[in-house]
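Numbering (our numbering), first residue to last: 1 to 255. C-beta atoms are modelled at their ideal positions from N, C-alpha and C, and glycine is treated no differently. Here the structure comes first, spelled out in structure tokens, and everything after it is commentary.
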Ligand SMILES: [Zn+2]
Ligand SMILES: [Zn+2]
């Protein structure tokens, strides 16, 4: 079964989706789901956290072949130990690691980019990603490598492998060395240019020894569960990358 391995229900501070709504959409699409609620400790203006025991208690009766219970951890140097302890509180099936913050600023907002050229902002983004991949030794997946492109205020916000070859190679090598799986996040898959810019990155990942990807919609609403999965599955297949998901922290192949 194919899994949407990145979704947010009402336990995430920025989502109101009910588990029942997510499961109904997934069933219609013939997909399995992994819930990956947000943990971004010491975040401002909102702290993204939840009660893991309450999450476990509420969703454990729903957990099974079609639903796994995971978490998305925002990776920052200052919250490494706090996140590690949080993740150990319940037996999550899957732990995603993400870069949402740079210099303690949420890159969802414009402040981080103020006064920075794209080159400086993106170099920093990749550097922080590499450092956190090595320090966060309890994650299974690196989420949305193109997250910064969602909000960066530049004319061309794409990662552009040609301009950042060295930095992106460092990220891909860190992913492979730490046995982390690279996610294919479908949030931007409706944008042809965005997809085109990912081609050299995922083919380089394959070339350096990467074999697996998780596919995740990052849905915060029922309508976006499984969004662009047809394109993403085709993309993975063209890159010769095997889609996987996680159960009890062990990788499973999707078909
Ligand atoms: Zn994220
Ligand atoms: Zn997410």
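If you measure from the CB of residue i, is any heavy atom of ligand 3 nearer than 6 Å?
| i | result |
| --- | --- |
| residue 184 | This structure lacks ligand 3; its bound ligands are ligand 1 and ligand 2. |
Go ahead and pull the three-state DSSP assignment for residue i.
| i | result |
| --- | --- |
| residue 156 | coil |
| residue 88 | coil |
| residue 96 | strand |
| residue 33 | strand |
| residue 79 | helix |
| residue 227 | coil |
| residue 107 | coil |
| residue 133 | helix |
| residue 148 | helix |
Mind checking residue i: buried by the 16 CB within 10 Å criterion, or exposed?
| i | result |
| --- | --- |
| residue 187 | buried |
| residue 212 | buried |
| residue 87 | buried |
| residue 284 | Because the chain spans 1 through 255 in this model, residue 284 falls outside it and cannot be assessed. |
| residue 77 | exposed |
| residue 260 | The displayed coordinates of the chain run from 1 to 255. Any statement about residue 260 would go beyond what the structure contains. |
Quick check on the DSSP output: the alpha helix (DSSP H) that includes residue i runs from which residue to which?
| i | result |
| --- | --- |
| residue 200 | 192 to 207 |
| residue 4 | That residue, residue 4, is in no alpha helix (DSSP H); its beta strand (DSSP E) goes 3 to 7. |
| residue 55 | 52 to 59 |
The beta strand (DSSP E) with residue i in it runs from where to where?
| i | result |
| --- | --- |
| residue 251 | 250 to 253 |
Across the segment 232 to 242 and the segment 41 to 48, are there enough close Cβ pairs to call them in contact, namely three or more that are closer than 8 Å? Two segments are said to touch when three or more pairs of C-beta atoms, one from each, lie closer than 8 Å; by this definition the segment 232 to 242 does not touch the segment 41 to 48.
Can you list the residues near ligand 2, meaning Cβ strictly closer than 7 Å to any non-hydrogen atom, in the order they appear in the chain? 6, 8, 36, 38, 72, 98, 143, 218
Tell me, please, whether the segment 125 to 144 touches the segment 171 to 180 by the rule of three or more beta-carbon pairs shorter than 8 Å. yes
Can we say the segment 50 to 68 touches the segment 20 to 36, given the rule of at least three CB pairs closer than 8 Å? Three or more Cβ pairs drawn from the segment 50 to 68 and the segment 20 to 36 lie within less than 8 Å of each other, which places the two stretches in contact.
Any contact between the segment 118 to 126 and the segment 152 to 163? By contact I mean 3 or more CB pairs, one from each, below 8 Å. The segment 118 to 126, when compared against the segment 152 to 163, does touch it at the 8 Å Cβ threshold.
For the 8 Å Cβ check, are there 3 or more pairs between the segment 101 to 120 and the segment 217 to 230? no
Check whether the segment 101 to 108 touches the segment 49 to 65, taking contact to mean three or more Cβ pairs, one atom from each stretch, closer than 8 Å. no
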